[in-house]
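Student:
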Amino acid sequence: MTLYFLVKYLHVFGAIVILGTGTGIAFFMLMAHRTRDAEFIARTASVVVIADAIFTLSAVILQPVSGGLLMMLSATSIAERWILASLALYAVAGLFWIPVVFMQIEMRDLARKAADQRAALPERYFILFRRWFAFGFPGFGATMAILWLMVAKPF
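The letter at position 128 of the sequence shown is residue 132 when you use the numbering used here, and the numbering goes up by one with no holes.
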């Protein structure tokens with residue numbers, strides 16, 4: 005196995021982790037939210053925050069490193085339009101993902117507090133959830149578009 009194919013494998017693996025973790029996190033947060041059970045939401049959000057920190061963050065760091073190495077190993081220019089488009093979309097995804105991390109932490113904390121006090125979830129939780137849900141579409145859409153660009157290299 006050449007170094008190029010090893011790095012390419014890691015790059016593809018990183019994309020899979022980002023998309024898989026993002027999909028899983030969205031699914032579990034949505035299912036927990038639908039219960040309106042503060043204790044269950046708090047436990048689920050706690051795991052989601054950990055998963056984002058371990059899996060998504062490590063893959064988010066891996067992607068530009070492995071992508072840069074692939075460019076270097078294949079003598080591909082950063083001026084390639086599909087790479088420039090991918091980098092722009094990566095920035096868009098980041099602009100939506102970073103606030104989502106903080107929303108998840110705050111939703112977890114609000115759910116914990118409500119569970120501890122045996123109270124209903126506060127309105128702030130629902131505002132954050134709607135925003136979190138809305139941010140998922142452009143963030144996830146950008147990563148899906150990057151995957152397509154990576155595979156198709158259309159221009």
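Beta carbons: idealized from backbone N, C-alpha and C, even for Gly. Bear in mind the structure is a predicted one, so any value in this text is a computation, not a measurement.
1. What do you get for GLY24, buried or exposed, if any count of 16 or more other CB atoms within 10 angstroms of its CB means buried?
2. Rounded to a whole number of angstroms, what is the C-alpha to C-alpha distance between VAL51 and MET76?
3. Could you check whether the stretch 74-94 touches the stretch 30-37, counting it as contact only if at least three pairs of C-beta atoms, one from each stretch, sit closer than 8 angstroms?
4. Tell me which same chain residues have a C-beta within less than 7 angstroms of the C-beta of ILE109, skipping the five on either side of it?
5. Taking 8 angstroms as the threshold (C-beta atoms), are LEU93 and ALA149 in contact?
6. From PHE17 to GLN121, what does the alpha carbon distance come to, in whole angstroms?
7. Within 10 angstroms of the Cβ of LEU114, are there 16 or more other Cβ atoms? Answer buried if so, exposed if not.
8. Assign ILE22 to one of two classes, buried (16 or more other C-beta atoms within 10 Å of its C-beta) or exposed (fewer than that).
9. Tell me, to the nearest whole angstrom, how far the beta carbon of LEU153 is from that of TRP86; I am working on the premise that it is less than 8 angstroms.
10. Mind checking whether ARG116 and ALA46 have CB atoms under 8 angstroms apart?
11. Where in the stretch 81-127 do unbroken runs of the alpha helix (DSSP H), each at least 4 residues long, occur, reported from the N-terminal end onward?
12. Determine the closest residue to TYR8 out of PHE141, GLU127 and GLY72, with distance taken between C-alpha atoms.
Tutor: The relevant details are as follows:
1. Against the sequence shown, residue 24 aligns to sequence position 20. So GLY24 counts as exposed.
2. Along the sequence shown, one-based indexing puts residue 51 at 47. Along the sequence shown, one-based indexing puts residue 76 at 72. Computed Cα separation, rounded: 37 angstroms.
3. No contact exists between the stretch 74-94 and the stretch 30-37.
4. Within the sequence shown, numbered from 1, the residue matching residue 109 stands at position 105. Answer for ILE109: VAL53, listed in chain order.
5. Stepping through the sequence shown from its first residue, residue 149 is reached at position 145. Stepping through the sequence shown from its first residue, residue 93 is reached at position 89. Yes, Cβ-Cβ distance for ALA149 and LEU93 is below 8 angstroms.
6. Mapped onto the sequence shown, residue 17 falls at position 13. Mapped onto the sequence shown, residue 121 falls at position 117. Distance from the CA atom of PHE17 to the CA atom of GLN121, rounded to whole angstroms, is 42 angstroms.
7. Residue numbering aside, residue 114 sits at position 110 when the sequence shown is read from its first letter. By the Cβ-count criterion, LEU114 is buried, with 16 or more other Cβ atoms from all chains shown falling within 10 Å of its own Cβ.
8. Working through the sequence shown from its first residue, we reach residue 22 at position 18. Buried, by the Cβ-count rule.
9. Locating residue 153 in the sequence shown gives position 149, counting from the first residue. Locating residue 86 in the sequence shown gives position 82, counting from the first residue. Yes, LEU153 and TRP86 are in contact; Cβ-Cβ is about 5 angstroms, under 8 angstroms.
10. For the purposes of this step, residue 116 is identified with residue 112 of the sequence shown, where counting begins at 1. For the purposes of this step, residue 46 is identified with residue 42 of the sequence shown, where counting begins at 1. In this structure, ARG116 places its C-beta atom within 8 angstroms of the C-beta atom of ALA46.
11. With a minimum length of 4 residues, the continuous alpha helix (DSSP H) runs that stay inside the stretch 81-127 are 85-120.
12. In the sequence shown, residue 8 corresponds to position 4, counting from 1. Nearest of PHE141, GLU127 and GLY72 to TYR8, Cα basis: GLY72.
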